[in-house]
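First comes the structure, then the notes that go with it.
Residue numbers (full-length UniProt numbering): 1 to 125.
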């Protein structure tokens, strides 16, 4: 199951990079958050079934299970703001983010998601 989560995380990163190239920074941030969440899920899902899908909740379980994660906590905190309760066209998105994400925020989200993926892979290594 771990390999499935990691592969799905990688696929989201690939999609995010393609969206970055066309300037869709909103989708980049959402896909980066999804990727980070799936990376963390890969470490906790195989041993315990969880229905949690919010990045911040998954991260708490990850820390409890592994005893690690302090060094990526700031990145997780940054990515948690890119969450939608409804759909991507919701006007709540702009209100929640205080405007749409900038190119710099999208770059940061992508970078953080990649770091989290690598971090999780190294933990298992």
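Even glycine gets a Cβ: it sits at the ideal position worked out from N, Cα and C. Since the structure is predicted, the reported quantities are computational estimates derived from the model, not experimental observations.
Excluding the five sequence neighbours on either side, which residues of its own chain have a C-beta within less than 8 Å of the C-beta of residue 2, listed in chain order? Working through the chain shown from its first residue, we reach residue 2 at position 2. When the five nearest sequence neighbours on each side are left out, the beta carbons in the same chain lying within less than 8 Å of the beta carbon of residue 2 are those of 42, 43, 45, 46 and 124, in order along the chain.
Evaluate residue 100 with the Cβ neighbour count: other Cβ atoms within 10 Å of its Cβ, from every protein chain shown; 16 or more gives buried, anything less gives exposed. Start at 1 with the first residue of the chain shown, and residue 100 comes out as number 100. Result: exposed.
Kindly indicate the opening and closing residues of the alpha helix (DSSP H) around residue 57. Position 57 of the chain shown, counted from the start, is the residue given in the question as residue 57. For residue 57, the uninterrupted alpha helix (DSSP H) run begins and ends at 55 to 66, by DSSP.
With 16 as the cutoff for other CB atoms within 10 Å, does residue 26 come out buried or exposed? Taking the chain shown and counting its residues from 1, the one referred to as residue 26 is at position 26. Residue 26 should be labelled buried.
Rounded straight-line distance, which links the Cα of residue 39 to that of residue 67: Taking the chain shown and counting its residues from 1, the one referred to as residue 67 is at position 67. Taking the chain shown and counting its residues from 1, the one referred to as residue 39 is at position 39. The C-alpha of residue 67 lies about 16 Å from the C-alpha of residue 39.
Since residue 33 and residue 79 are thought to touch, with beta carbons under 8 Å apart, how far apart are those beta carbons, to the nearest angstrom? For the purposes of this step, residue 33 is taken as the residue at position 33 of the chain shown. For the purposes of this step, residue 79 is taken as the residue at position 79 of the chain shown. For a cut-off of 8 Å, the C-beta gap from residue 33 to residue 79 is around 5 Å, short enough to register as a contact.
Pairwise C-alpha distance: residue 115 and residue 5: Counted from its first residue, the chain shown places residue 5 at position 5. Counted from its first residue, the chain shown places residue 115 at position 115. In a straight line, the C-alpha of residue 5 is about 16 Å away from that of residue 115.
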